[in-house]
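**Student:** Numbering (our numbering), first residue to last: 1226 to 1426. We put the beta carbon where it would ideally sit given N, CA and C, even for glycine. Bear in mind that the values here come from a model prediction, so they are computed numbers and not experimental data. Can you keep this structure in mind? I'll have questions shortly.
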């Protein structure tokens, strides 16, 4: 943890000096002086933040490492936050995978999930809500191109308390997790084994 100690000793209030700059007399009391004072005070504030951060990192290095790791992870999550196009591509990929499987051995739950999402796309009610680090695909009541008053009135939109019921997928770290879960054992039909057991009995 000597790295934080070096930073703390390097960035001290005494070592970071404020550059004294005086405007010519003709600029006194003008907007140029106000603009210069604004940027000067802004630089002083940022300098104090850097100095205090370095001092805190030197005093509590473990906490500083955890905070930096947390910010790094959040940045990676924001970078890997999937968009609406990736969801559509993933749905088409899963549909193609399902087509390659015979109808008798297709998983009924996987098939119904894909059909439901495709019908929502055909109706134009699929929406994406991004929170920066995670995305939600949800179902609206109306198509975006609809001219109905109910489709554009904010007061008639989805309620917050029941919004979770509209979510059809969660995007996080490049993946759409509910769609991936729905495709688990998509080429295994449980009903086929039940029918075979009944026949054998």
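1) What does DSSP give as the partner residues of residue 1352 in its beta bridges?
2) With a CB to CB cut of under 6 angstroms and the five nearest residues on each side skipped, what residues in its chain are close to residue 1356?
3) Could you spell out the range, first to last residue, of the beta strand (DSSP E) harbouring residue 1392?
4) If you measure between the beta carbons of residue 1375 and residue 1381, is that distance less than 7 angstroms?
5) Using a Cβ distance threshold of 8 angstroms, determine whether the stretch 1334–1351 contacts the stretch 1389–1409, with at least three qualifying pairs required.
6) Alpha carbon to alpha carbon, how far is residue 1308 from residue 1349? Give it in angstroms, no decimals.
7) Exposed or buried, which one is residue 1416 when buried takes at least 16 other CB atoms within 10 Å?
8) Examine the Cβ distances between the stretch 1407–1416 and the stretch 1326–1339 and report whether three or more of them are shorter than 8 angstroms.
9) Distance check for residue 1324 and residue 1288, CA to CA, integer angstroms please.
10) According to DSSP, is residue 1331 part of a helix, a strand, or is it coil?
11) Determine the burial state of residue 1279: buried for a count of at least 16 other Cβ atoms within 10 Å of its Cβ, exposed for fewer.
12) Please classify residue 1369: does DSSP put it in a helix, a strand, or coil?
13) By how many angstroms is the C-alpha of residue 1260 removed from the C-alpha of residue 1319?
14) Starting from residue 1299 and walking both ways along the alpha helix (DSSP H), at which residues does that stretch end?
15) Return the chain-ordered list of same chain residues with a C-beta closer than 7 angstroms to the C-beta of residue 1399, the five sequence neighbours on each side being excluded.
16) Under 7 angstroms between the Cβ atoms of residue 1402 and residue 1315?
17) Shortest alpha-carbon distance to residue 1346 belongs to which of 1358, 1302, 1362?
18) Please report how far the alpha carbon of residue 1276 lies from the alpha carbon of residue 1267, in whole angstroms.
19) By DSSP's criteria, residue 1401 is part of a beta bridge. Which residues make up the other side?
20) What number of angstroms, rounded off, separates the C-alpha of residue 1290 from the C-alpha of residue 1360?
**Tutor:** Looking at the coordinates:
1) Taking the first residue of the chain shown as 1, we reach residue 1352 at position 127. BP columns for residue 1352 point to 1363.
2) The count along the chain shown starts at 1 and reaches residue 1356 at position 131. None.
3) Counted from its first residue, the chain shown places residue 1392 at position 167. Segment 1392–1397, the beta strand (DSSP E) holding residue 1392.
4) Sequence index remark: in the chain shown, residue 1375 carries index 150 (1-based). Sequence index remark: in the chain shown, residue 1381 carries index 156 (1-based). Closer than 7 angstroms, so yes.
5) yes
6) Mapped onto the chain shown, residue 1349 falls at position 124. Mapped onto the chain shown, residue 1308 falls at position 83. Residue 1349 and residue 1308: Cα-Cα distance of roughly 17 angstroms.
7) Here the question's residue 1416 lines up with position 191 in the chain shown. Around the C-beta of residue 1416, fewer than 16 other C-beta atoms lie within 10 Å, and the residue is accordingly described as exposed.
8) yes
9) Start at 1 with the first residue of the chain shown, and residue 1288 comes out as number 63. Start at 1 with the first residue of the chain shown, and residue 1324 comes out as number 99. Cα to Cα, the separation comes out at about 52 angstroms.
10) The residue you call residue 1331 lines up with position 106 of the chain shown. Under the three-state reduction of DSSP, residue 1331 is assigned to coil, being neither helix nor strand.
11) Against the chain shown, residue 1279 aligns to sequence position 54. Buried: at least 16 other Cβ atoms inside 10 Å.
12) As a position in the chain shown, residue 1369 is number 144, starting the count at 1. Residue state, collapsed to three classes: coil.
13) Taking the first residue of the chain shown as 1, we reach residue 1319 at position 94. Taking the first residue of the chain shown as 1, we reach residue 1260 at position 35. In a straight line, the C-alpha of residue 1319 is about 57 angstroms away from that of residue 1260.
14) Numbered from its first residue, the chain shown carries residue 1299 at position 74. Taken as a continuous stretch (DSSP letters only), the alpha helix (DSSP H) holding residue 1299 covers 1286–1304.
15) As a position in the chain shown, residue 1399 is number 174, starting the count at 1. 1305, 1307, listed in sequence order.
16) Here residue 1402 refers to the residue found at position 177 of the chain shown. Here residue 1315 refers to the residue found at position 90 of the chain shown. No; because the gap between Cβ atoms is not below 7 angstroms, this pair is not in contact.
17) Translated into positions along the chain shown, residue 1346 becomes position 121. When only C-alpha atoms are compared, the closest one is 1362.
18) By one-based count along the chain shown, residue 1276 stands at place 51. By one-based count along the chain shown, residue 1267 stands at place 42. So the two alpha carbons sit approximately 14 angstroms from each other.
19) Reading the chain shown from its first residue, position 176 is the one you call residue 1401. For residue 1401, which the question treats as bridged, DSSP gives the partners 1396.
20) Walking along the chain shown from the start, residue 1290 turns up at place 65. Walking along the chain shown from the start, residue 1360 turns up at place 135. The alpha-carbon atoms of residue 1290 and residue 1360 are separated by roughly 28 angstroms.
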